[in-house]
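Peer 1: Residue numbers (our numbering), protein chains in the order written: chain A, 10 to 156; chain B, 1304 to 1377.
Please find one structure pasted underneath; my questions will follow.
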Amino acid sequence: MQRTIGVACSGLLAPLDVRNLRIFSAWVVAAALVFAGTLIALDGEGLQHSPLGWLLVLTTTLLTVCALVAYVRFIRAADELLRKIHLEGLALGFGAGVAFMVCYRLFERMGARHLTISAPLVVMTLFWALGQAIGMRRYMAGADDAR
Amino acid sequence: MKNRLRVLRAEREWSQAELAQRLGVSRQTINAVEVGKYDPSLPLAFAMARIFNARLEDIFFPDDTIVRSEGTDQ
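Structure (structure tokens):
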């Protein structure tokens, strides 16, 4: 057992999970803010193909990779039920994203509106959250029965 | 997979939170195992066996074992 004895076990998130989730959230917020700033900056005049433009792009990429690493660390250290719920959420999100990307190409040929690369990202994120909600509901039935 | 975790825990008068703390997992994990929603990993199952001073097969058993033994009793 890698997790230390003495964790607060009143809920699904132990202190270690809370700590790791906070670290992941901090990286996500930082990456999102820099991403938004970079997008606005690159839409302006003169920054494209400039050293500052490259610096912003690389900084955004680095922050995103840091968020990814923090999430993997969170998953690896997580309580095993929490890990299962998250992995099921990831599986549903990934599967829905792939299905959307494959099938929507056909919908486009049938006249549906052309979407940007961000659309599958939204689908994946929504289904990731949905998968976790389903997992919580499935595995935490009767959770109030503490005795 | 069925288990006798709730019975063993009750014999020692431990709450789910107490057992969870001893095993280093969340209370929700203990609850999910007890109600049969989640099968624990082997390391966790062995930790449970150790903490209850029992063998794995004394705590966990497949569903069909119960059906067969119930049929035998009748």
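Beta carbons: idealized from backbone N, C-alpha and C, even for Gly.
Keep in mind that this is a model prediction, so the values were computed, not measured.
(1) What residues in the segment 1336-1359 of chain B have a beta carbon less than 8 Å from any beta carbon of chain A?
(2) Just checking: is the beta-carbon of E97(A) within a distance shorter than 8 Å of some beta-carbon in chain B?
(3) For Q141(A), which option in G102(A), G120(A), C112(A) has the closest C-alpha, if you only look at C-alpha atoms?
(4) Hey, quick one: how far does the alpha helix (DSSP H) through L64(A) stretch, first residue to last?
(5) So is E158(A) in contact with chain B if we call contact Cβ pairs under 8 Å?
(6) Between which two residues does the alpha helix (DSSP H) containing T1332(B) stretch?
(7) Show which residues of chain B have a CB atom less than 8 Å away from the CB atom of L30(A).
(8) Just confirm the distance between the C-beta atoms of S1261(B) and D88(A), as a whole number of angstroms; I'd bet it's less than 8 Å.
(9) Following the continuous alpha helix (DSSP H) through D52(A), name the residue where it begins and the one where it ends.
(10) Under 7 Å from any heavy atom of the ligand HEM, does the C-beta of V132(A) make it?
(11) Check the Cβ of A23(A) against every Cβ in chain B and list those closer than 7 Å, keeping chain order.
Peer 2: A quick look at the data gives this:
(1) Among the residues of the segment 1336-1359 of chain B, those with a Cβ less than 8 Å away from any Cβ of chain A are V1338, K1340, Y1341, P1343, S1344, P1346, L1347, A1350, in the order of the chain.
(2) Not closer than 8 Å to any Cβ of chain B, the Cβ of E97(A) fails to qualify, so no.
(3) The option with the nearest alpha carbon to Q141(A) is G102(A).
(4) For L64(A), the uninterrupted alpha helix (DSSP H) segment begins and ends at 60-86.
(5) Since the first residue of chain A shown is 10 and the last is 156, residue 158(A) is not available in this structure.
(6) The continuous alpha helix (DSSP H) containing T1332(B) extends over residues 1330-1337.
(7) Here the premise fails: no neighbours, minimum Cβ distance about 13 Å.
(8) An answer regarding residue 1261(B) cannot be provided, because it is not within the stretch 1304 to 1377 covered by chain B.
(9) Looking at the DSSP string, the run of the alpha helix (DSSP H) that includes D52(A) is 24-52.
(10) As far as ligands go, the structure on display features none, and thus does not contain the ligand HEM.
(11) Residues of chain B passing the Cβ test: S1329.
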